[in-house]
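Enquirer:
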Amino acid sequence: AVTMVDHVGIAVPNLDAAIDFHVGTLGGVLVHREINEEQGVEEAMISFGASGGTQIQLLAALTPESAIAKFISRSGPGLQQLALRVPNIDDAMATIRASGLRLLYEQARRGTANSRINFVHPKDTGGVLLELVEPASTL
Ligand code: CMX
């Protein structure tokens with residue numbers, strides 16, 4: 010079962026400008042930043058209030074082929090995904106498959122901070138790209 014909303018992902022054209030807004034104006038804390046070549050993104054995680062809460066993930070495209078570049082060219086910058094935390098992604102993937110919904114990857118891939126991730130196709134979820142996240146360590 011899903012344990013919490015892990016993060017909400019926003020597609021941004023300029024990562025530094027988006028960090029400035031979320032930290033400088035909204036009062037968030039930049040807790041993590043990395044490049045994920047496989048996903049074609051440079052990303053930043055922003056935390057608010059007490060640690061351990063839902064974060065905002067700022068996603069900038071590394072290449073014109075990345076999912077984020079395609080999203081921005083189609084829809085403009087904005088909410089791109091909702092990420093749900095699960096204790097075991099293999100179990101979660103089995104549940105999704107058994108429900109007849111489409112997962113984007115056969116096997117879980119590497120996400121933020123060595124988490125394991127997969128996605129449910131937005132056409133099977135009511136229009137929301139759902140990410141499943143198993144954190145690297147139990148939080
Ligand atoms: N949210 C909701 N709907 C979306 C969507 C999104 N983020 N992205 C695409 N769609 C919709 C499109 O609008 C399109 O709808 P219509 O057919 O009605 O026009 C439909 O889904 C299919 O679009 P598509 O052209 O076939 O597919 P895309 O090439 O746009 O790819 C997707 C869509 C979800 C397969 C692709 O974005 C993907 O593989 N995403 C997963 C990986 C990812 O997002 N990585 C970046 C984040 C990395 C991280 O979180 O760590």
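With full-length UniProt numbering as the guide, the letters of the sequence shown map in order to residues 10 to 148. Don't be surprised by glycine CBs; every beta carbon is placed ideally from N, CA and C. Note that the coordinates shown come from a computational prediction; the quantities given were computed from them, not determined experimentally.
(1) Given the structure, does residue 125 come close to the ligand MN, in the sense that its CB is under 7 Å from one of the ligand's heavy atoms?
(2) Run the CB neighbour count on residue 148, radius 10 Å, all protein chains shown included, and call it buried at 16 or more, exposed below.
(3) Residue 128: beta carbon under 7 Å from a heavy atom of the ligand CMX?
(4) Does the distance between the C-beta of residue 48 and the nearest non-hydrogen atom of the ligand CMX fall short of 7 Å?
(5) Could you check what DSSP says for residue 33 in three-state terms: helix, strand or coil?
(6) Strictly by DSSP, which residues pair up with residue 14?
(7) What are the partner residues of residue 87, as DSSP defines its beta bridges?
(8) Measure the beta-carbon distance from residue 38 to residue 55 and round it to whole angstroms, keeping in mind my assumption that it falls under 8 Å.
Expert: Looking at the atomic coordinates:
(1) Although the ligand MN was asked about, the structure shown includes only the ligand CMX as ligands.
(2) Taking the sequence shown and counting its residues from 1, the one referred to as residue 148 is at position 139. Residue confidence is low: residue 148 scores 48 on pLDDT, short of 50, so the model does not pin down where it sits. No coordinate-derived value is stated.
(3) Within the sequence shown, the letter at position 119 stands for residue 128. Indeed, a heavy atom of the ligand CMX lies less than 7 Å from the Cβ.
(4) Counting from 1 along the sequence shown, the entry for residue 48 is found at position 39. True, at least one ligand heavy atom lies under 7 Å from that Cβ.
(5) Within the sequence shown, numbered from 1, the residue matching residue 33 stands at position 24. Three-state result, residue 33: helix.
(6) If you number the sequence shown from 1, residue 14 lands on position 5. Paired residues: 93.
(7) On the sequence shown, position 78 is the one that residue 87 refers to. The partner list for residue 87 (beta bridge, DSSP) reads 20.
(8) Along the sequence shown, read from residue 1 onward, the residue named residue 38 stands at position 29. Along the sequence shown, read from residue 1 onward, the residue named residue 55 stands at position 46. Between residue 55 and residue 38 the Cβ distance is about 7 Å, and since that is below 8 Å, they are a contact.
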